[in-house]
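The opening residue of the sequence shown carries number 56 in my numbering; numbering runs sequentially from there. Here a beta-carbon is modelled for each residue, glycine too, at the ideal position from N, C-alpha and C.
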Amino acid sequence: MGRRGGPHRGPRGPLEFTTVLLAVQLAACSGSAVPVGSIGSAAGPSSEPTDDSAGGPSGASGSAAVPRGWQGTITFHAVLNTATDDTSTSGQGVFQDTTVSHSLTKADVTDAFTVSGVDPADMTFGIDSVKLSGPVANHGTTLERSVFDSDKHNALGCHYTEEVGSEVSGSWTGNSTGPGEIRFLDDGSYTIRIGVGGDLQTGEMPPSPQLPKRLWDTTTIVEGAAIDCPPPGPVENTTDGPVVEWASSILGSSGSITGKLDPANPGSVVDGSAKFDITLPQATLTVTWHLVHDGPITLPHS
Numbered sequence: 056m057g058r059r060g061g062p063h064r065g066p067r068g069p070l071e072f073t074t075v076l077l078a079v080q081l082a083a084c085s086g087s088a089v090p091v092g093s094i095g096s097a098a099g100p101s102s103e104p105t106d107d108s109a110g111g112p113s114g115a116s117g118s119a120a121v122p123r124g125w126q127g128t129i130t131f132h133a134v135l136n137t138a139t140d141d142t143s144t145s146g147q148g149v150f151q152d153t154t155v156s157h158s159l160t161k162a163d164v165t166d167a168f169t170v171s172g173v174d175p176a177d178m179t180f181g182i183d184s185v186k187l188s189g190p191v192a193n194h195g196t197t198l199e200r201s202v203f204d205s206d207k208h209n210a211l212g213c214h215y216t217e218e219v220g221s222e223v224s225g226s227w228t229g230n231s232t233g234p235g236e237i238r239f240l241d242d243g244s245y246t247i248r249i250g251v252g253g254d255l256q257t258g259e260m261p262p263s264p265q266l267p268k269r270l271w272d273t274t275t276i277v278e279g280a281a282i283d284c285p286p287p288g289p290v291e292n293t294t295d296g297p298v299v300e301w302a303s304s305i306l307g308s309s310g311s312i313t314g315k316l317d318p319a320n321p322g323s324v325v326d327g328s329a330k331f332d333i334t335l336p337q338a339t340l341t342v343t344w345h346l347v348h349d350g351p352i353t354l355p356h357s
């Protein structure tokens with residue numbers, strides 16, 4: 056039976072320095088995007104600067120605000136839940152074989168970025184871009200199961216059924232760092248880009264989780280002598296990576312969403328959410344973000 060090799064399969068490993076552009080309205084994406092929720096602006100309550108007991112803007116991490124600084128969170132949540140069935144035949148007459156395949160893929164993965172940044176040193180023309188960085192906590196569960204059931208005959212007169220299958224299942228947690236950026240235009244529009252970047256010094260990514268994997272090949276005699284029928288295949292226990300490890304990797308750079316603040320009064324908070332239907336792998340991705348600036352945001356200007 057066909058088996059995938061090693062833990063580093065195509066989309067399973069993290070995409071190093073993968074970046075994702077975030078905001079409210081989809082400009083272009085390989086899947087369809089449906090914005091949900093709303094973006095805070097000067098016209099809405101989420102954009103008005105408020106003070107907490109620590110003297111910083113509400114929504115910050117709880118510590119005093121950094122002068123001209125940014126604090127906040129960006130969260131990616133990916134959910135996969137697909138099941139397919141298929142039937143095929145081969146051969147002719149008594150030697151015709153019928154195979155029924157069943158595939159199930161389920162996963163729930165979250166990347167939670169905690170980021171901070173500081174306005175550019177030269178504020179003569181406002182804030183055109185701010186570098187964001189910070190830790191990202193990753194956790195998820197997965198179940199990927201494929202089973203092929205065949206009804207077969209051989210030349211020795213044996214009629215038997217064969218089941219060939221594989222299953223990867225388990226949960227994991229992980230941590231890395233996430234470099235990113237927020238960029239503004241003078242009309243109040245902005246983009247946010249963030250991705251898993253590995254070690255800040257070397258760029259090396261943390262090792263991918265290795266989950267239990269089982270491979271099997273079993274036969275059941277329907278008619279015929281055991282000596283004329285194929286024996287059961289081996290059962291192999293090994294490991295493999297999850298179908299999706301980092302939720303922030305599945306959107307990639309092919310999708311672009313943009314949002315806009317009120318240029319007359321942008322406030323001090325940038326927040327919102329967006330939902331995407333991804334085609335490969337088939338998944339639903341929800342992205343939420345909440346970034347708080349120390350004081351009103353100064354948009355770029357001439």
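Quiz item: Where does Gly-288 sit, in a helix, a strand or coil, going by DSSP?
Solution: coil
Practice problem: Below 8 Å on the Cβ atoms is my guess for Thr-165 versus His-132; work out the distance and round it to an integer in Å. | Solution: 5 Å
Quiz prompt | 6 Å CB neighbourhood of Thr-130 in its chain, flanking five on each side removed | solution = Ala-167, Thr-343
Exercise. Tell me whether the beta-carbon of Gly-229 lies closer than 8 Å to the beta-carbon of Arg-248.
Key: no
Quiz item: Per DSSP, what kind of secondary structure is Val-155 in: helix, strand or coil?
Solution: strand
Exercise. Please confirm whether any heavy atom of the ligand SAH lies closer than 7 Å to the CB of Val-347.
Key: In terms of ligand content, the structure shown is empty, and the ligand SAH therefore cannot be addressed.
Quiz prompt | Alpha carbon of Asp-272 to alpha carbon of Thr-216, nearest angstrom | solution = 11 Å
Self-check item: Straight-line Cα distance separating Ser-304 from Glu-278
Solution: 50 Å
Quiz item: Among Lys-268, Thr-169, Arg-123, which one has its Cα closest to the Cα of Thr-197?
Solution: Lys-268
Exercise. Indicate whether Asp-326 and His-356 have their beta-carbon atoms separated by less than 8 Å.
Key: no
Quiz item: Using a C-beta cutoff of 8 Å, does Thr-334 count as contacting chain C?
Solution: Going by chain labels, chain C is absent from the structure shown, which holds only one protein chain.
Practice problem: Can you tell me the Cβ-Cβ gap for Val-134 and Ala-329, rounded? I've got them flagged as a contact below 8 Å. | Solution: Wrong, their Cβ atoms sit about 15 Å apart, outside the cutoff.
Quiz item: How big is the Cα-Cα spacing for Gly-296 and Asp-163?
Solution: 14 Å
Quiz item: Alpha carbon to alpha carbon, what distance is there between Gly-288 and Asn-193?
Solution: 37 Å
Exercise. Helix, strand or coil for Gly-296, going by three-state DSSP, please let me know.
Key: coil
Exercise. Please name the residue or residues paired with His-345 in a DSSP beta bridge.
Key: Thr-128, Asp-326
Quiz prompt | Buried versus exposed call for Phe-45 [16 or more other C-beta atoms within 10 Å across all chains shown] | solution = Only positions 56 to 357 of the chain appear in this structure, which leaves residue 45 out of reach.
Quiz item: Looking at the structure shown, is Val-149 part of a helix, part of a strand, or coil, going by DSSP?
Solution: helix
Practice problem: Counting only the same chain and skipping the five closest in sequence on each side, list residues whose C-beta sits under 7 Å from that of Thr-160. | Solution: Leu-135, Thr-137, Glu-199, Val-298
Self-check item: Length-filtered (4 minimum) alpha helix (DSSP H) runs lying within the region 214-278
Solution: none
Quiz item: Any idea which residues DSSP pairs His-356 with across the strands?
Solution: None, per the DSSP bridge assignment.
Self-check item: Whole-angstrom distance between Gly-233 and Gly-258, CA atom to CA atom
Solution: 11 Å
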